[in-house]
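Below you'll find the structure, written out as structure tokens, and then a few comments.
Protein chains: 2
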Amino acid sequence: MKTCIICSGGLDSVSLAYRLAYEKHLSGIIAFDYNQRHKKELAYAAQCADNLNVPFHLVDVSSVGKAISGSALTDDIDVPEGHYAEETMKLTVVPNRNAIFLTIAFGIASANNMRAVAIAVHGGNHFIYPDCRPEFLEAFGIMENLSLECTVKLVAPYAGKTKADIIADGVQTGTPFAQTWSCYKGGNYHCGRCGTCVERREAFYLAGIDDPTYYEDDEFWKSCLKN
Amino acid sequence: MKTCIICSGGLDSVSLAYRLAYEKHLSGIIAFDYNQRHKKELAYAAQCADNLNVPFHLVDVSSVGKAISGSALTDDIDVPEGHYAEETMKLTVVPNRNAIFLTIAFGIASANNMRAVAIAVHGGNHFIYPDCRPEFLEAFGIMENLSLECTVKLVAPYAGKTKADIIADGVQTGTPFAQTWSCYKGGNYHCGRCGTCVERREAFYLAGIDDPTYYEDDEFWKSCLKN
């Protein structure tokens, strides 16, 4: 089933791209420039497309990012540090981001005769990002069935999994984790202190897999561990 | 209820902007540059915002328009001539366009504490554009309730009306029809032969209102009249 994937260059979406390629479904990678401060992730998405030998579509929606202000991911608000589960992480919500990315990806998929759009949302995102929850994904699929008259399917195989499960899956398909970018701060190295760095480091620990990432602060995540 | 409207600069959306302003709901106008060949419509949307004294958000999604090819509205395919009801008008479908515009507008509305997004789809669009049908609009509203946790409503008061009804409504609110642009060809004047010109001219006739538009071919629409 010809499938394109929305890929940020992060661990989750690169792992899913490798899973789709492993199963011979991958037909293209779509990445978005939405004026995110961690724009360097886009180079990792391009690298993934290159590694997997599929077309790379970089869609410039930076004008949308500017119009939608109020998130630490796009604005001058400081990126919060600590565990994702904390209240402060709500500052990283870009309102309606997944819905926007998905509708654009569905348009591209439809125009290019693809049969599915994949997105790598997972269980760990659910609490603070409403547009990562299973009920959102289901409603989105129903809406698109009507908009495009049933031609493109939504695929989200990690929706019921944890980030540790994704790492375990990525190991099976040969995902090069070192060639993925998570940090919201977008510096030279992963900071080790923002929500997505802490989540990444913790997930490798929970999966029992060596983390190949260099973090500027390699100890901070331990102070955020639950229990 | 603070409401922003997706406005193309066309007759329908400008009339709805005037209706919303008349009822004191209008808080902003959002227009999209999607690499449409009739880009001159955007100046009419800006003029509408200026007339009604509300902020104008021009969102550049031309990169999306380029990625979604295959429509006469964005590509080098000839714009078909004749009545909208004809099979050839399917060439003017940009896949998923309204869904894309709406998700972006919902993001902007949410970030700016607006309570509703208005779109001027109407009965006459239903047959060839699936993303203008009432069942699509309903599914879209449900999806957004989940994505944004119920903060923004979808408003489409013209969904059950004809274009002639819209003209009658526009007369009541003082809509300056001459300051609206419909033609898909985007020339100096309305061509009078493309689907949207024929529909516009016919609607004024059916509404019994004088059409202030200058058409290059002012007679063609009559040959397209049904019965």
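Quick mapping for you: the protein sequence lines, in order, are chains A and B. Just so you know, our numbering puts 992 at position 31 of the first sequence, and the rest follows in order with no gaps. Just so you know, our numbering puts 1106 at position 145 of the second sequence, and the rest follows in order with no gaps. We put the beta carbon where it would ideally sit given N, CA and C, even for glycine.
Within chain B, the residues that residue 1020/A reaches when beta carbons sit closer than 7 Å = Chain B residues near residue 1020/A: 1024, 1025, 1028.
How about residue 1071/A: is its C-beta nearer than 9 Å to some C-beta of chain B?
-> At a cut-off of 9 Å between beta-carbon atoms, residue 1071/A makes contact with chain B.
Inspect the beta-carbon positions of residue 1004/B and residue 968/B and report whether they are closer than 9 Å.
-> In this structure, residue 968/B does not lie closer than 9 Å to residue 1004/B by Cβ.
Give the single residue among 1079/A, 1026/A, 1085/A, 1075/A whose Cα lies nearest to the Cα of residue 1056/A.
-> Nearest neighbour of residue 1056/A by Cα position, chosen from 1079/A, 1026/A, 1085/A, 1075/A, turns out to be 1026/A.
For the beta strand (DSSP E) that residue 994/B lies in, which residues bound it at each end?
-> Start and end: 987–994.
Using a beta-carbon distance below 9 Å, is residue 1110/B in contact with chain A?
-> It does; some Cβ of chain A falls within 9 Å.
Just by C-beta distance, which residues in the segment 1081–1099 of chain B are closer than 8 Å to chain A?
-> Taking 8 Å as the upper bound on Cβ-Cβ separation, chain A lies near residues 1091, 1092, 1094, 1096, 1097 of the segment 1081–1099 of chain B.
Burial state of residue 1133/B (16 or more Cβ within 10 Å) | Residue 1133/B comes out exposed.
How long is the line joining the alpha carbons of residue 1074/A and residue 980/A, rounded to whole angstroms?
-> So the two alpha carbons sit approximately 21 Å from each other.
Take residue 1096/A as the anchor and find which of 1137/B, 1095/B, 1120/B, 1106/B has the nearest alpha-carbon.
-> Closest by alpha carbon: 1106/B.
Residue 1017/A lies in the beta strand (DSSP E); which residues open and close that run?
-> It spans 1017–1021 - the beta strand (DSSP E) in which residue 1017/A sits, taken as one unbroken run.
Is residue 971/B closer than 9 Å to residue 1018/B when the C-beta atoms are compared?
-> Their beta carbons are not under 9 Å apart, which means residue 1018/B does not touch residue 971/B by this criterion.
Does any CB atom of chain A fall closer than 9 Å to the CB of residue 1064/B?
-> Residue 1064/B counts as touching chain A.
Would you check if the distance between the CB atom of residue 1061/B and the CB atom of residue 1064/A is smaller than 9 Å?
-> Yes. Within cutoff.
For residue 1099/B, three-class secondary structure by DSSP | If DSSP states are grouped into helix, strand and coil, residue 1099/B belongs with the helices.
Give a yes or no on whether the minimum CB-CB distance between residue 1068/A and chain B is below 9 Å.
-> Judged by the 9 Å Cβ criterion, residue 1068/A is in contact with chain B.
Using a C-beta to C-beta distance shorter than 7 Å, which residues of chain B count as neighbours of residue 1101/A?
-> 1104, listed in chain order.
Could you tell me how far apart the beta carbons of residue 998/A and residue 1147/A are, in whole angstroms, since I believe they sit closer than 8 Å?
-> Going by Cβ atoms, the distance from residue 998/A to residue 1147/A rounds to 5 Å, so yes, they are a contact pair.
Going along chain E, which residues have a C-beta under 8 Å from residue 990/B?
-> Checking the listed chains, one finds no chain E in this structure; the protein chains it contains are A and B.
Determine the direct distance from the alpha carbon of residue 1151/B to that of residue 1098/A, and round the result to whole angstroms.
-> Going by the C-alpha atoms only, they are around 42 Å apart.
Beta-carbon separation of residue 1015/A and residue 1071/A under 9 Å?
-> Judged by beta-carbon spacing, residue 1071/A lies beyond the 9 Å limit of residue 1015/A, meaning their Cβ atoms are not closer than that value.
Quick one: grab the DSSP three-state call for residue 1139/B.
-> Looking at residue 1139/B - three-state DSSP - the assignment turns out to be helix.
Name the one or two DSSP bridge partners that residue 1189/B has.
-> With chain B covering 962 to 1188 only, the question about residue 1189/B has no answer from this structure.
Which residues in chain A sit within 7 Å of residue 1056/B, going by Cβ to Cβ distance?
-> In chain order: 1068, 1071, 1072, 1109.
CA-to-CA distance, residue 1162/A to residue 1181/A, given in whole angstroms | Looking at the two C-alpha atoms, the distance is approximately 10 Å.
Helix or strand or just coil, what does DSSP make of residue 1177/A?
-> Note: residue 1177/A maps to coil in three-state DSSP.
Straight-line Cα distance separating residue 995/B from residue 909/B | Since the first residue of chain B shown is 962 and the last is 1188, residue 909/B is not available in this structure.
Just to confirm, are residue 1082/B and residue 1067/B a CB contact at a threshold of 9 Å?
-> No.
What do you get for residue 1111/B, buried or exposed, if any count of 16 or more other CB atoms within 10 angstroms of its CB means buried?
-> Burial call: exposed.
Would you call residue 962/A buried or exposed, if buried means 16 or more other Cβ atoms sit within 10 Å of its Cβ?
-> With fewer than 16 other beta carbons inside 10 angstroms of its own, residue 962/A counts as exposed.
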